[in-house]
Amino acid sequence: MGVLLSALAPKATVFEVTGENGSFIPYAVMAGYLDNKGDKAVNLINIKKRADSCGVSFKFTEGSGLAVSSEGVCVSGMVDGSTPFLTALNNASVFIPLKGCLTLVETSSDMFAGLHVLSPTVSGIHFAGAVTLLSHTDQAINWDRFNVITTLKF
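Numbering (my numbering), first residue to last: 127 to 280.
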């Protein structure tokens, strides 16, 4: 969730985290966020110190499921067995297994016109308002027709 939030809310400083484990979940979210922003020294042991030095903090609320929000972006998820799933992005319900790669592109008419070139390589297309999420393997894809926000590898 933190990795995804880093792409959608890159200037976030405070995360609002709802989950079942306040001693682990918020720190894991912050670690994913900072790691994806380039802080490769971050881990669950030093996350508090690294987050403080980067000006990142969280507000935790006990609850079922997992939801993380910041800067008007909200991502929700769950874990089934060993597979994490993205279940909502802002107000759009999705059900995306977070494995392989996930590329976020801006939803546009150009994007729709170019979808046919992705059919051999993309396993899922998930529309979430202004953003479309494309699930795929880690193989070369020609993204020339798309305004790519980021590609995340899980």
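Just so you know, even glycine gets a beta-carbon here, dropped at the ideal spot from N, CA and C.
Handout entry: Segment contact, 8 Å Cβ cut-off, at least three pairs: the stretch 187–206 with the stretch 127–144
Key = yes
Practice task
Give the range of the alpha helix (DSSP H) segment to which serine 132 is assigned.
Solution key: 128–134
Practice task
Would you mind reading off the limits of the alpha helix (DSSP H) that contains leucine 160?
Solution key: 151–162
Problem - Proximal residues to threonine 209 (C-beta, below 7 Å), its chain only, five neighbours per side dropped - result: Pro223, Lys225
Exercise for the section: Leaving aside the five residues before and after histidine 252 along the sequence, list all residues of the same chain whose C-beta is less than 6 Å from its C-beta, in chain order. Expected result: Val220, Ile222, Leu259
Practice task
Can you say whether asparagine 268 is buried or exposed, counting buried as having 16 or more other CB atoms within 10 angstroms of its CB?
Solution key: exposed
Practice task
Look at leucine 228 and phenylalanine 280 and say whether their C-beta atoms are less than 8 Å apart.
Solution key: yes
Handout entry: Same chain only: Cβ atoms within 7 Å of glycine 158, ignoring 5 sequence neighbours per side
Key = Met127, Gly128, Val129
Practice task
May I ask you to report which of helix, strand or coil DSSP gives valine 274?
Solution key: strand
Exercise for the section: Give the straight-line distance between the Cα atoms of valine 257 and aspartate 264, rounded to the nearest whole angstrom. Expected result: 20 Å
Exercise for the section: For my contact list, leucine 215 and valine 201 are in at a C-beta cut-off of 8 Å; report their separation, rounded to the angstrom. Expected result: 6 Å
Practice task
Please report the residue range of the alpha helix (DSSP H) in which lysine 175 lies.
Solution key: 173–180
Exercise for the section: Sort Pro136, Lys137, Leu131, Asp165 by Cα distance to proline 152 and report the nearest one. Expected result: Leu131
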